[in-house]
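Have a look at the structure below, then the notes.
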Amino acid sequence: MSQSLSNIVCHIVFSTKNRIDLIQPEFEDELYSYICGIVRGQKGEILEIGGTTNHVHILALFHPSVSISDMMRYIKGGSSKWVHEKGVPVFQWQRGYGIFSVSESLSQRVAEYIRNQKQHHVKFTYEKELLLLLEKHKVKYDEKYIWD
Numbered sequence: 033m034s035q036s037l038s039n040i041v042c043h044i045v046f047s048t049k050n051r052i053d054l055i056q057p058e059f060e061d062e063l064y065s066y067i068c069g070i071v072r073g074q075k076g077e078i079l080e081i082g083g084t085t086n087h088v089h090i091l092a093l094f095h096p097s098v099s100i101s102d103m104m105r106y107i108k109g110g111s112s113k114w115v116h117e118k119g120v121p122v123f124q125w126q127r128g129y130g131i132f133s134v135s136e137s138l139s140q141r142v143a144e145y146i147r148n149q150k151q152h153h154v155k156f157t158y159e160k161e162l163l164l165l166l167e168k169h170k171v172k173y174d175e176k177y178i179w180d
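End of the sequence shown sits at 180 in this note's numbering; the numbers just go up one at a time, nothing left out.
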């Protein structure tokens, strides 16, 4: 094959440092647009983005030439700088992130889940949600190392 082809749908989730409510409604949509621009700039595509005041979910396709760790560094570093420039100098993302593969047949269901984050978090905390995602995707973890 003379070219590299892929369709790897990723569900990414990460929070603000210590899950502090720093994603304010007045700049939330702009933040999401900025993150979409970062991903487009790396030849990727955001299928859905959403979250709450303390975390973000992204459903995306990344270009195969960009590693996941590089993409996450671009997303988190660039968006953090952008939020600082918006006047929130204490803003930080947590160090890590969760990333889960999504089959094409389930991508619309995950997109809907992301769109409904605010309603979902009336019942569940971010901590509970992350643990459920890790268990659902059979990710091995030590809970003392996933919170910062």
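Where a beta carbon is used, it is the ideal one built from N, C-alpha and C, also for glycine.
In whole angstroms, give me the CA-to-CA distance for residue i and residue j.
i      : j      : result
Leu79  : Asp174 : 30 Å
Ser38  : Pro96  : 7 Å
Tyr66  : Lys49  : 19 Å
Gly130 : Ile44  : 6 Å
Gln149 : Ser36  : 34 Å
Tyr64  : Ser135 : 23 Å
Glu144 : Glu161 : 15 Å
Ile146 : Ile81  : 7 Å
Report back the beta-carbon spacing between residue i and residue j to the nearest angstrom; my notes put them in contact at under 8 Å.
i      : j      : result
Ser139 : Val41  : 5 Å
His87  : Phe46  : 7 Å
Leu91  : Val142 : 5 Å
Just tell me which of the options has its CA closest to the CA of residue i.
i      : options                         : result
Glu60  : Leu163, Gln151 and Gly83        : Gly83
Val115 : Val154, Ile55 and Ile81         : Ile55
Pro121 : Gly128, Asp53 and Ser112        : Ser112
Val98  : His89, Gly73, Glu159 and Leu162 : Gly73
Met103 : Thr85, Gly76, Trp125 and Gly119 : Gly76
Any contact of the region 165–179 with the region 106–114, i.e. 3+ C-beta pairs under 8 Å?
-> No, the region 165–179 does not touch the region 106–114.
Go through the region 87–124 residue by residue and report every complete run of the alpha helix (DSSP H) that reaches 4 residues or more, in order.
-> Secondary structure within the region 87–124: the alpha helix (DSSP H) runs of 4 or more consecutive residues, fully enclosed, are 100–117 (chain order).
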